[in-house]
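S.K.: Here the sequence shown is numbered in our numbering, starting from 69 and rising by one per residue.
Virtual Cβ for every residue (Gly too), placed ideally from N, Cα, C.
It should be emphasised that the depicted structure is a prediction, and the values quoted were computed from it without experimental measurement.
Let me begin by handing over the structure; questions about it come next.
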Amino acid sequence: TLASAIGGSDDKIAHFARRLGSLSGGKAECTVWVSGEMLPACLAVLVNATTARAIDFDDTYELCINGCHASAYNVPPALALAERDPSITGSELLVALATAMDLHMRLARSVTTHSLKTGRDNIVAVWGTTAVSTKLLRLDEEKTRNAFGIAYAHAAGEAQMYEEGAHTVSLQQGLRARSGVESALSAMVGFNGPREPFFGKYG
69 TLASAIGGSD DKIAHFARRL GSLSGGKAEC TVWVSGEMLP ACLAVLVNAT
119 TARAIDFDDT YELCINGCHA SAYNVPPALA LAERDPSITG SELLVALATA
169 MDLHMRLARS VTTHSLKTGR DNIVAVWGTT AVSTKLLRLD EEKTRNAFGI
219 AYAHAAGEAQ MYEEGAHTVS LQQGLRARSG VESALSAMVG FNGPREPFFG
269 KYG
(Lines of atoms letter the chains of each structure in order from A and count residues from 1; the text may use other names and numbers.)
(Lines give C-alpha, C1' and ligand atoms only; values in the text may rest on other atoms or scores of the structure.)
Protein backbone atom coordinates (compact mmCIF):
# COMPACT_ATOMS: atom_id res chain seq x y z
CA THR A 1 0.00 0.00 0.00
CA LEU A 2 2.79 2.40 0.89
CA ALA A 3 4.69 1.49 -2.28
CA SER A 4 1.56 2.09 -4.36
CA ALA A 5 1.12 5.48 -2.71
CA ILE A 6 4.73 6.40 -3.37
CA GLY A 7 4.34 5.28 -6.99
CA GLY A 8 1.13 7.26 -7.39
CA SER A 9 2.25 10.36 -5.51
CA ASP A 10 3.01 12.34 -8.66
CA ASP A 11 -0.15 11.26 -10.49
CA LYS A 12 -2.66 14.05 -11.15
CA ILE A 13 -5.18 12.28 -8.89
CA ALA A 14 -2.74 12.50 -5.99
CA HIS A 15 -2.19 16.19 -6.74
CA PHE A 16 -5.96 16.75 -6.73
CA ALA A 17 -6.24 14.87 -3.42
CA ARG A 18 -3.54 17.01 -1.79
CA ARG A 19 -5.19 20.18 -3.06
CA LEU A 20 -8.52 18.98 -1.65
CA GLY A 21 -6.92 18.23 1.71
CA SER A 22 -5.32 21.66 1.88
CA LEU A 23 -8.64 23.49 1.41
CA SER A 24 -9.64 22.98 5.04
CA GLY A 25 -7.80 24.17 8.09
CA GLY A 26 -7.62 22.23 11.30
CA LYS A 27 -5.29 20.49 13.66
CA ALA A 28 -2.07 19.27 12.06
CA GLU A 29 -2.06 15.74 13.47
CA CYS A 30 -1.29 13.24 10.68
CA THR A 31 1.21 13.06 7.84
CA VAL A 32 0.33 13.12 4.16
CA TRP A 33 2.49 10.38 2.72
CA VAL A 34 5.44 11.42 0.53
CA SER A 35 4.74 15.18 0.65
CA GLY A 36 5.06 15.37 4.45
CA GLU A 37 2.24 17.89 4.91
CA MET A 38 0.33 17.66 8.18
CA LEU A 39 -3.48 17.56 8.19
CA PRO A 40 -6.31 16.61 10.54
CA ALA A 41 -6.66 12.82 10.69
CA CYS A 42 -9.77 12.58 8.52
CA LEU A 43 -8.24 14.67 5.75
CA ALA A 44 -4.87 12.91 5.83
CA VAL A 45 -6.74 9.61 5.53
CA LEU A 46 -8.70 10.93 2.54
CA VAL A 47 -5.54 12.04 0.75
CA ASN A 48 -3.46 8.96 1.56
CA ALA A 49 -6.12 6.40 0.65
CA THR A 50 -6.85 8.16 -2.64
CA THR A 51 -3.13 8.33 -3.45
CA ALA A 52 -2.72 4.61 -2.65
CA ARG A 53 -5.14 3.82 -5.48
CA ALA A 54 -4.07 6.58 -7.90
CA ILE A 55 -2.23 4.26 -10.30
CA ASP A 56 -4.50 1.28 -9.55
CA PHE A 57 -1.57 -0.95 -8.70
CA ASP A 58 -2.48 -1.81 -5.11
CA ASP A 59 -3.25 -5.36 -4.03
CA THR A 60 -6.66 -6.86 -4.84
CA TYR A 61 -8.53 -9.66 -3.11
CA GLU A 62 -9.90 -11.75 -5.96
CA LEU A 63 -12.03 -14.34 -4.13
CA CYS A 64 -15.16 -12.20 -4.32
CA ILE A 65 -17.33 -11.38 -7.29
CA ASN A 66 -16.32 -7.72 -7.54
CA GLY A 67 -12.76 -7.86 -6.27
CA CYS A 68 -11.74 -5.94 -3.18
CA HIS A 69 -9.02 -3.31 -2.61
CA ALA A 70 -9.08 -3.75 1.17
CA SER A 71 -5.56 -2.52 1.89
CA ALA A 72 -5.95 0.84 0.14
CA TYR A 73 -9.04 1.45 2.25
CA ASN A 74 -7.84 0.19 5.63
CA VAL A 75 -4.09 0.88 5.90
CA PRO A 76 -4.37 4.70 5.68
CA PRO A 77 -6.78 5.11 8.63
CA ALA A 78 -4.80 2.58 10.67
CA LEU A 79 -1.53 4.46 10.25
CA ALA A 80 -3.15 7.88 10.69
CA LEU A 81 -4.84 6.96 13.97
CA ALA A 82 -1.64 5.35 15.25
CA GLU A 83 0.24 8.55 14.44
CA ARG A 84 -2.49 10.61 16.12
CA ASP A 85 -2.22 8.59 19.34
CA PRO A 86 1.36 7.56 20.20
CA SER A 87 0.08 5.25 22.97
CA ILE A 88 -1.18 2.78 20.33
CA THR A 89 1.17 -0.19 20.31
CA GLY A 90 2.39 -2.10 17.30
CA SER A 91 0.33 -5.12 18.31
CA GLU A 92 -2.82 -2.98 18.63
CA LEU A 93 -2.19 -1.59 15.17
CA LEU A 94 -1.75 -5.03 13.62
CA VAL A 95 -4.79 -6.51 15.41
CA ALA A 96 -6.98 -3.60 14.30
CA LEU A 97 -5.78 -3.87 10.74
CA ALA A 98 -6.23 -7.66 10.61
CA THR A 99 -9.74 -7.33 12.05
CA ALA A 100 -10.70 -4.66 9.53
CA MET A 101 -9.26 -6.54 6.57
CA ASP A 102 -10.99 -9.76 7.59
CA LEU A 103 -14.35 -8.04 8.02
CA HIS A 104 -14.00 -6.10 4.78
CA MET A 105 -13.16 -9.20 2.75
CA ARG A 106 -15.85 -11.36 4.39
CA LEU A 107 -18.47 -8.73 3.60
CA ALA A 108 -17.13 -8.44 0.05
CA ARG A 109 -17.55 -12.21 -0.31
CA SER A 110 -21.16 -11.96 0.89
CA VAL A 111 -22.07 -9.93 -2.21
CA THR A 112 -23.45 -12.35 -4.79
CA THR A 113 -24.27 -10.14 -7.78
CA HIS A 114 -21.74 -8.44 -10.02
CA SER A 115 -21.56 -4.66 -9.72
CA LEU A 116 -22.04 -4.29 -13.47
CA LYS A 117 -25.54 -5.71 -13.01
CA THR A 118 -26.50 -3.74 -9.89
CA GLY A 119 -24.56 -0.52 -10.43
CA ARG A 120 -23.36 -0.81 -6.81
CA ASP A 121 -19.68 -1.36 -6.11
CA ASN A 122 -17.56 -1.36 -2.95
CA ILE A 123 -20.59 -0.73 -0.75
CA VAL A 124 -19.08 -2.80 2.07
CA ALA A 125 -15.78 -0.93 2.33
CA VAL A 126 -16.92 1.57 4.96
CA TRP A 127 -17.33 -1.17 7.57
CA GLY A 128 -13.69 -2.21 7.31
CA THR A 129 -12.51 1.35 7.78
CA THR A 130 -14.94 1.76 10.67
CA ALA A 131 -13.65 -1.43 12.28
CA VAL A 132 -10.02 -0.33 12.17
CA SER A 133 -11.02 3.08 13.55
CA THR A 134 -13.15 1.81 16.42
CA LYS A 135 -10.40 -0.56 17.52
CA LEU A 136 -7.68 2.09 17.46
CA LEU A 137 -9.89 4.66 19.17
CA ARG A 138 -10.54 1.93 21.79
CA LEU A 139 -14.31 2.35 21.69
CA ASP A 140 -16.41 0.12 23.92
CA GLU A 141 -19.03 -2.28 22.54
CA GLU A 142 -21.90 0.23 22.68
CA LYS A 143 -19.98 2.96 20.85
CA THR A 144 -18.65 0.45 18.34
CA ARG A 145 -22.21 -0.63 17.52
CA ASN A 146 -23.18 2.99 17.10
CA ALA A 147 -20.18 3.60 14.84
CA PHE A 148 -21.27 0.74 12.59
CA GLY A 149 -24.78 2.17 12.45
CA ILE A 150 -23.41 5.61 11.60
CA ALA A 151 -21.19 4.04 8.94
CA TYR A 152 -24.34 2.78 7.23
CA ALA A 153 -25.22 6.42 6.52
CA HIS A 154 -21.85 6.73 4.76
CA ALA A 155 -22.08 3.48 2.78
CA ALA A 156 -22.03 4.14 -0.94
CA GLY A 157 -20.72 2.60 -4.06
CA GLU A 158 -21.34 2.91 -7.75
CA ALA A 159 -20.14 1.38 -10.98
CA GLN A 160 -20.65 4.34 -13.31
CA MET A 161 -17.12 5.46 -12.48
CA TYR A 162 -15.78 2.41 -14.35
CA GLU A 163 -18.04 3.09 -17.29
CA GLU A 164 -16.64 6.61 -17.64
CA GLY A 165 -13.12 6.11 -16.28
CA ALA A 166 -13.79 8.80 -13.67
CA HIS A 167 -11.35 9.87 -10.96
CA THR A 168 -13.76 8.47 -8.37
CA VAL A 169 -12.29 5.01 -9.03
CA SER A 170 -9.44 6.26 -6.80
CA LEU A 171 -11.27 8.92 -4.80
CA GLN A 172 -13.76 6.39 -3.43
CA GLN A 173 -10.93 4.83 -1.36
CA GLY A 174 -10.32 8.18 0.28
CA LEU A 175 -14.01 8.88 0.84
CA ARG A 176 -14.72 5.52 2.49
CA ALA A 177 -11.52 5.62 4.54
CA ARG A 178 -12.44 9.06 5.85
CA SER A 179 -16.03 7.89 6.46
CA GLY A 180 -14.83 5.07 8.71
CA VAL A 181 -12.80 7.44 10.87
CA GLU A 182 -15.67 9.95 10.98
CA SER A 183 -18.17 7.24 11.93
CA ALA A 184 -15.99 6.12 14.83
CA LEU A 185 -15.34 9.69 15.99
CA SER A 186 -19.07 10.46 15.75
CA ALA A 187 -19.86 7.53 18.04
CA MET A 188 -17.02 8.48 20.36
CA VAL A 189 -18.56 11.91 21.03
CA GLY A 190 -22.02 10.44 21.65
CA PHE A 191 -23.94 10.06 18.38
CA ASN A 192 -25.88 6.83 18.01
CA GLY A 193 -26.79 4.95 14.88
CA PRO A 194 -29.15 2.16 13.86
CA ARG A 195 -28.55 -1.04 15.80
CA GLU A 196 -29.06 -3.36 12.85
CA PRO A 197 -27.19 -2.03 9.81
CA PHE A 198 -26.69 -5.61 8.57
CA PHE A 199 -29.79 -7.61 9.52
CA GLY A 200 -32.47 -4.99 10.07
CA LYS A 201 -35.47 -4.51 7.77
CA TYR A 202 -33.52 -2.00 5.68
CA GLY A 203 -30.05 -3.28 6.55
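I need the straight-line Cα distance from THR119 to PHE267, nearest angstrom please.
M.R.: Cα to Cα, the separation comes out at about 34 Å.
S.K.: Is the beta carbon of ASP79 closer than 8 Å to that of ILE123?
M.R.: The answer is yes: Cβ separation under 8 Å.
S.K.: Of all the options ALA215, TYR270, SER155 and ARG174, which has the alpha carbon lying nearest to the alpha carbon of HIS137?
M.R.: Checking every option, the nearest Cα to that of HIS137 belongs to ARG174.
S.K.: Using a Cβ distance threshold of 8 Å, determine whether the segment 143-155 contacts the segment 84-104, with at least three qualifying pairs required.
M.R.: Result yes; three or more Cβ-Cβ pairs closer than 8 Å.
S.K.: What residue does the alpha helix (DSSP H) around ALA85 start on, and which one ends it?
M.R.: Run containing ALA85: 80-90, per the alpha helix (DSSP H) assignment.
S.K.: Among the residues of its own chain, which have a CB less than 6 Å from the CB of ALA112, if the five just before and after it don't count?
M.R.: If we look at ALA112 and ignore the five residues flanking it on each side, its Cβ neighbours are CYS98, VAL100 and ALA148.
S.K.: Counting C-beta neighbours from all protein chains within 10 Å, is the total for ARG263 16 or more, i.e. buried, or is it exposed?
M.R.: It is exposed - the Cβ of ARG263 has fewer than 16 other Cβ atoms within 10 Å.
S.K.: Do the segment 220-231 and the segment 157-171 make contact, defined as three or more Cβ pairs closer than 8 Å?
M.R.: Taking 8 Å as the limit for Cβ pairs, the verdict is that the segment 157-171 does not touch the segment 220-231.
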